[in-house]
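Novice:
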Amino acid sequence: MFTQAITPAIKSHMEVQLAFLTDLSRKAFDTAQRVSELNLRLTQELLEEMTSANHQMMTARDAGEFASAASTQLHPAMEKLRSYQQRLFNLMASANADITKTAEFHIPEASRTATAVADEMLRAASEESEKATQRQRAALDRMSEAAQRGNGMGQHPGQLQGQGMGQGQQAH
């Protein structure tokens, strides 16, 4: 059963870890939100392009005009996809830099508080070990004293018996 209260060192370490995880979560959420916005923008642009291309293809008078309308719309769509890839790459690079900065900011404090917790635990374990050693010494001392008293009592009655017999023999 865990009976030890949360110490100031443990509380401080937990607070530092919580702040670190909160900042990382915030960065991840912001990145996810920016990716969603980027995806939405790409989808809107592609839908506009497709609508325009479909309109041109539907109004085409012959197969040549249809093919021409389809091929001219393909190039802008590909450019939009390339642009999207570049923006996504930049966004992810930025997110990586943000997460790295966040980690660099929090890790020294987390390390310091973890060391404080470890030191506190070692000190407490050392104190408990010393107390256990003292209890064992006290128990051994009590056992030794009891054994000595037991030996003394064993000799004492024997001596009394011998003295009693000696006195009894002299009385006869």
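So the sequence shown is numbered by UniProt numbering: it starts at 1 and just counts up by one.
We treat Cβ as the ideally placed atom computed from N, Cα and C, and that holds for glycine.
Report the three-state DSSP secondary structure of Ile6 (helix, strand or coil).
Specialist: coil
Novice: Exposed or buried, Thr59, counting other C-beta atoms within 10 Å across all chains shown (16 or more means buried)?
Specialist: exposed
Novice: Less than 9 Å between the beta carbons of residue 183 and Gln56, yes or no?
Specialist: Outside the shown range of the chain (1 to 172) lies residue 183, about which nothing can therefore be said.
Novice: Report buried or exposed for His13, applying the criterion of at least 16 other Cβ atoms within 10 angstroms of its Cβ.
Specialist: His13 comes out buried.
Novice: For Thr7 and Ala110, what's the separation of their Cα atoms in angstroms?
Specialist: 16 Å
Novice: From the DSSP output, in three-state form, read off Ala60 for me.
Specialist: coil
Novice: Who are the near neighbours of Val117 in its chain, counting only those whose CB is closer than 7 Å to its CB and skipping five residues on each side?
Specialist: Ala9, Ile10 and His13
Novice: Counting C-beta neighbours from all protein chains within 10 Å, is the total for Thr115 16 or more, i.e. buried, or is it exposed?
Specialist: It is exposed - the Cβ of Thr115 has fewer than 16 other Cβ atoms within 10 Å.
Novice: Is it buried or exposed, Thr113, if we count other Cβ atoms within 10 angstroms and call 16 or more buried?
Specialist: buried
Novice: Please work out which residues of its chain come closer than 6 Å, Cβ to Cβ, to Glu65, disregarding the five sequence neighbours upstream and downstream, and give them in chain order.
Specialist: none
Novice: At what residue ranges does the stretch 7–35 contain a whole run of the beta strand (DSSP E), taking only runs of 3 or more?
Specialist: Whole beta strand (DSSP E) segments, 3+ residues: zero.
Novice: Please give me, in chain order, every unbroken run of the alpha helix (DSSP H) with length at least 4 that falls completely inside the stretch 41–103.
Specialist: Every candidate alpha helix (DSSP H) stretch fails here, since none sits fully inside the stretch 41–103 while reaching 4 residues.
Novice: Is the CB-CB distance between Leu81 and Leu38 below 9 Å?
Specialist: no
Novice: Assign Gly166 to one of three DSSP states: helix, strand, or coil.
Specialist: Because the pLDDT of Gly166 is 48, which lies under 50, any placement of that residue in the model is unreliable, and the number read from its coordinates should be weighed accordingly. Gly166 falls in the helix class under three-state DSSP.
Novice: Would you call the stretch 16–35 and the stretch 127–139 in contact, with 3 or more CB pairs under 8 Å?
Specialist: no
Novice: Whole angstroms is fine: what's the gap from residue 175's alpha carbon to Glu104's?
Specialist: Lying before the first or after the last residue shown, residue 175 is absent from the chain, which here runs from 1 to 172.
Novice: Since Ala53 and Ala32 should fall inside the 8 Å C-beta cutoff, what is the C-beta to C-beta distance between them, to a whole number of angstroms?
Specialist: Taking C-beta atoms under 8 Å as the contact rule, Ala53 and Ala32 fail to qualify, at a distance of about 31 Å.
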